[in-house]
Amino acid sequence: MQLEIKQFLERVYGLKVAAIQTVNYEGKKKRRKTGYFLRPGYKKAYVTLKPPTQASQSS
Numbered sequence: 040m041q042l043e044i045k046q047f048l049e050r051v052y053g054l055k056v057a058a059i060q061t062v063n064y065e066g067k068k069k070r071r072k073t074g075y076f077l078r079p080g081y082k083k084a085y086v087t088l089k090p091p092t093q094a095s096q097s098s
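In the numbering used here, the protein residues as written are 40 to 98.
So this is what it looks like as structure tokens:
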């Protein structure tokens with residue numbers, strides 16, 4: 040999954056990715072008049088980008 044995210048960001052947006060961490064979150068338990076239900080879980084990705092390189096300096 041992390042490799043897919045890295046390839047997508049580099050191909051579509053042209054970003055240089057240094058690292059990716061992914062986290063799986065469980066859905067929260069909620070209550071209504073009819074009883075309890077569970078919200079769906081989700082996955083979040085934290086992306087660290089490499090600093091941009093400067094090819095030339097203008098003065």
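Each residue gets a CB set at the ideal place from its N, CA and C atoms; glycine is no exception. If you're wondering where the values come from, they're calculated on a predicted model, not measured in any experiment.
Thinking residue i and residue j are a contact (beta carbons under 8 Å), I'd like their distance in whole angstroms, please.
i	j	result
Lys-83	Val-56	Actually they do not touch by this definition, with Cβ atoms about 16 Å apart.
Gly-66	Leu-48	Wrong, their Cβ atoms sit about 27 Å apart, outside the cutoff.
May I ask you to list the residues that DSSP assigns as paired with residue i?
i	result
Arg-50	In DSSP, Arg-50 forms no bridge with anything.
Arg-70	Tyr-75
Ile-59	Val-86
Measure from the alpha carbon of residue i to the alpha carbon of each residue in the options, then state which is nearest.
i	options	result
Asn-63	Phe-47, Met-40, Gly-74 and Gln-93	Met-40
Gly-53	Ile-44, Arg-78 and Glu-65	Ile-44
Thr-61	Val-51, Lys-68 and Thr-87	Thr-87
Pro-79	Gln-93, Lys-69 and Val-51	Lys-69
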